[in-house]
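First up is the structure itself, then whatever we jot down about it.
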Amino acid sequence: GFTVPCGADINVKNITCNENVENGLEISFIHLGNIDIVNSICNENKDNGMKIWRCIGNGNINIENVTCSANKDSGIQIFAYERDFYIKNSTCNNNNLNGIDIGRRVYDGERNNVISGNKCSNNKDAGIRVELDDNWKGNINITGNECLDNKDAGIWFDCKEITNAIITIENNKIKDTKYCI
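Residue numbers (this note's numbering): 24 to 204.
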């Protein structure tokens with residue numbers, strides 16, 4: 024696959040990372056700037072299609088028009104700290120775990136996050152899974168996604184004891200799952 028261990032701004036465009044023995048694309052550890060992943064494909068990898076984790080810094084994570092399907096774990100997995108993220112117009116189908124998998128830790132400052140216009144179907148867990156730590160602050164908007172025929176949930180949202188957040192889940196199409204939200 025393709026691994027980026029550290030850097031400032033990272034721009035990934037028009038790459039294909041298929042059939043790798045680990046993650047298709049992995050960005051990890053300290054990044055000071057923005058992370059932009061656009062028009063890329065990460066299919067049939069032995070771990071996640073894309074994994075972004077432990078990325079402490081001030082920039083945003085922008086993922087748009089990517090396809091991450093038929094991976095052994097999740098299509099897109101983000102466990103990033105102190106980051107706003109935007110995942111838009113992407114396809115994550117037929118993964119062994121989740122289509123899109125988000126885990127957030129609590130750090131200073133409010134976060135603004137958008138998951139919009141994605142197609143996440145036929146995944147063995149959830150189409151979109153979001154888990155936020157207690158006392159997480161910020162906004163998260165999950166809108167206009169299509170989550171069809173996922174085994175567990177169309178959208179799995181675990182927010183524990185959050186009191187300082189605005190969470191918007193609207194205009195999503197969810198069909199034929201064990202749980203809706």
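Glycine is no exception: its CB is placed at the ideal position from the N, C-alpha and C atoms.
Query	Result
Measuring alpha carbon to alpha carbon, tell me which of E49, S139 and I197 ends up nearest C40.	E49
Do you know offhand how far E169's Cα is from R152's?	13 Å
When you compare the CB positions of E42 and D70, do they come within less than 7 Å of one another, or not?	no
Mind checking A103: buried by the 16 CB within 10 Å criterion, or exposed?	buried
Check T90 in the structure and name its three-state DSSP category.	strand
Would you mind sorting D148 into buried or exposed? The rule is 16 or more other CB atoms within 10 Å of its CB.	buried
Pull up the distance between the alpha-carbon of V35 and that of G122, whole angstroms please.	20 Å
Hey, could you find the ends of the beta strand (DSSP E) T166 is sitting in?	K160 to T166
With which residues is D107 paired in a DSSP beta bridge?	N83
By alpha-carbon positions, which one of K174, Y109, T200 and N118 ends up nearest to T166?	Y109
On a CA-only basis, which of G126, D107, G177 and N117 is nearest N162? Give me that one, please.	D107
Closer than 6 Å by C-beta to D181: which residues in its own chain qualify, once you throw out the five before and the five after it? Chain order, please.	E154
Is the separation between the beta-carbon of G47 and that of G82 shorter than 7 Å?	no
Within the continuous beta strand (DSSP E) that includes L171, where are the two ends?	E169 to L171
Applying the criterion that 16 or more other CB atoms from any shown protein chain within 10 Å of the CB defines a buried residue, is D96 buried or exposed?	buried
Whose C-beta lies closer than 8 Å to the C-beta of N116 among residues of the same chain, with five residues either side of it excluded?	S92, A93, G98, G122, K142, C143, S144, N145 and N146
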